[in-house]
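Numbering of the sequence shown is given in numbering that gives the first Met the number 0, commencing with residue 0 and proceeding in unit increments.
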Amino acid sequence: MESAPAQNAAAIRSSEIRAGMKDSLGVGLGIFPLGFALGMLVIQAGLPWWLTPALSIGIFAGSVELFLVSLLAAYAPLITIAVTVFALNFRHVFYPFSFPLHKVRNGWPRWYSMYAMIDEAYATYATMPAQQITSARMVTGQLCMQGYWVAGGLLGVLVANALPGPIAGFEFALTALFIVMTMDSIRGKREVPSAVLAGLSVTVAMVAMPDQALLAALVLFTVSLVARYFWVRARGGLAQPEETPAAEQSAAQLATYEPSTIGEQQLKPTQQGEAA
Numbered sequence: 000m001e002s003a004p005a006q007n008a009a010a011i012r013s014s015e016i017r018a019g020m021k022d023s024l025g026v027g028l029g030i031f032p033l034g035f036a037l038g039m040l041v042i043q044a045g046l047p048w049w050l051t052p053a054l055s056i057g058i059f060a061g062s063v064e065l066f067l068v069s070l071l072a073a074y075a076p077l078i079t080i081a082v083t084v085f086a087l088n089f090r091h092v093f094y095p096f097s098f099p100l101h102k103v104r105n106g107w108p109r110w111y112s113m114y115a116m117i118d119e120a121y122a123t124y125a126t127m128p129a130q131q132i133t134s135a136r137m138v139t140g141q142l143c144m145q146g147y148w149v150a151g152g153l154l155g156v157l158v159a160n161a162l163p164g165p166i167a168g169f170e171f172a173l174t175a176l177f178i179v180m181t182m183d184s185i186r187g188k189r190e191v192p193s194a195v196l197a198g199l200s201v202t203v204a205m206v207a208m209p210d211q212a213l214l215a216a217l218v219l220f221t222v223s224l225v226a227r228y229f230w231v232r233a234r235g236g237l238a239q240p241e242e243t244p245a246a247e248q249s250a251a252q253l254a255t256y257e258p259s260t261i262g263e264q265q266l267k268p269t270q271q272g273e274a275a
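Below, the structure written as C-alpha cells:
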C-alpha cells in the first residue's frame with residue numbers, strides 16, 4: 000500500500016489536472032470550431048488530409064495555420080509565407096514577459112508550455128492569481144487546448160471527405176475570421192486609425208505591386224504603424240493614465256509594508272508603522 004504522503008501527492012496532482020481541464024473548457028468552445036474549419040479548408044483547397052494534423056501538431060498557431068492553407072493552395076512564394084507568418088506571430092515575442100512560465104517545472108513541461116503559448120492559453124493563465132497556478136494545471140490546460148484543435152481539424156477532414164462536393168465560399172472562412180477580429184479591435188474607436196492604415200496599405204499594395212500585394216501590404220502596414228507610434232508619442236498621446244483614488248489608496252497601503260525575511264511569502268507591517 001502507498002504511504003499517506005504519496006497518496007496526498009497523487010490526490011493533489013489529480014486535482015491540478017482536473018483544474019487544467021476545466022480551464023480549457025471555455026476557450027475550447029472557440030478552438031474546436033476553428034480547428035474544424037481548418038480541416039474543411041484543407042480538403043476544400045485540394046491539399047492532402049494529413050496536412051491538417053501536421054499543421055495542428057507541428058505549428059499550433061491558430062489563424063496562421065488557416066492562412067498557411069490559403070497560401071499553400073495559391074502556391075505563394077516562400078518569402079511571402081515567411082514574412083506573413085512572422086508578422087502574424089510577432090506578438091508572441093512579448094508573451095513570455097507576463098506569461099507565468101516560471102510556474103512550469105523544467106524539462107519537457109516547460110518546453111511544451113513555451114511551444115503551446117497560444118493566445119487562449121495566455122489569456123487564461125496570464126491573468127490567473129499566481130497562487131492558483133501549478134505546473135500540472137498549466138500543462139494540462141495547454142494540452143487540452145491543442146487536443147480540441149487537433150480533434151476539430153480531424154473531424155473537419157472527415158466531414159469534408161464525406162460531402163458529395165465542395166462547399167462554395169468556404170474559403171471565405173479565414174477572411175471572415177479576420178473581419179470579426181478587426182471589428183472587435185476597433186469597437187472602442189481607439190484602433191480606428193490602425194484599421195484605416197491597414198486599408199490604405201492594402202489599396203496601395205494592390206495598385207503598385209499586384210503580384211506581391213500581400214508582402215507589400217504587410218511591409219507598408221508595419222512602416223505606417225511605426226510612424227504612427229512615434230507621431231502619437233511626439234504629441235504626448237502615450238502618457239500613462241492618472242491613478243484613480245482606489246489605486247492611490249492601494250499604493251499608500253503597500254507603502255506601509257516591507258518584504259518579510261527570505262523564504263517567507265507574506266508581508267508584515269514595518270517597525271516604523273508600529274511605532275506610529
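Glycine included, every Cβ here is placed at the ideal spot set by N, Cα and C.
Run through DSSP, which three-state label would residue i get?
i	result
Asn105	coil
Trp230	helix
Ala18	helix
Ala115	coil
Phe96	helix
Phe59	coil
Gly235	coil
Leu28	helix
Pro128	coil
Trp48	coil
Tyr121	helix
Ala53	helix
Ala73	coil
Thr133	coil
Near residue i, what residues of its chain come up, given a Cβ to Cβ distance below 6 Å and the 5 sequence neighbours on each side ignored?
i	result
Thr31	Note that residue 31 is Phe in the sequence shown here, rather than Thr. Result list for Phe31: Tyr147, Gly151, in chain order.
Ala72	Ala44
Ala215	Ala204, Met208
Glu15	Thr133, Ala135, Arg136
Using the beta-carbon count (16 or more within 10 Å), is residue i buried or exposed?
i	result
Tyr124	buried
Val26	buried
Val138	buried
Ile132	buried
Phe220	buried
Met182	exposed
Val68	buried
Phe93	exposed
Arg136	buried
Ala120	buried
Gly106	exposed
Leu217	buried
Phe89	exposed
Gln141	buried
Ala5	exposed
Please report the straight-line C-alpha distance between residue i and residue j, rounded to a whole angstrom.
i	j	result
Ala194	Val158	36 Å
Val179	Arg104	37 Å
Ser23	Arg109	18 Å
Glu64	Leu70	10 Å
Arg17	Cys143	11 Å
Leu154	Ala175	21 Å
Ala233	Val156	51 Å
Ala161	Ile42	11 Å
Trp49	Ser223	39 Å
Met20	Tyr111	16 Å
Pro99	Pro165	43 Å
Near residue i, what residues of its chain come up, given a Cβ to Cβ distance below 8 Å and the 5 sequence neighbours on each side ignored?
i	result
Val149	Gly34, Pro52, Ser55, Ile56
Phe59	Tyr114, Ala115, Ile117, Gln145, Trp148
Ala212	Val201, Ala204, Met205
Arg12	Ala135
Note down, one range per segment and in chain order, each beta strand (DSSP E) of at least 3 residues found wholly within the segment 146-217. none
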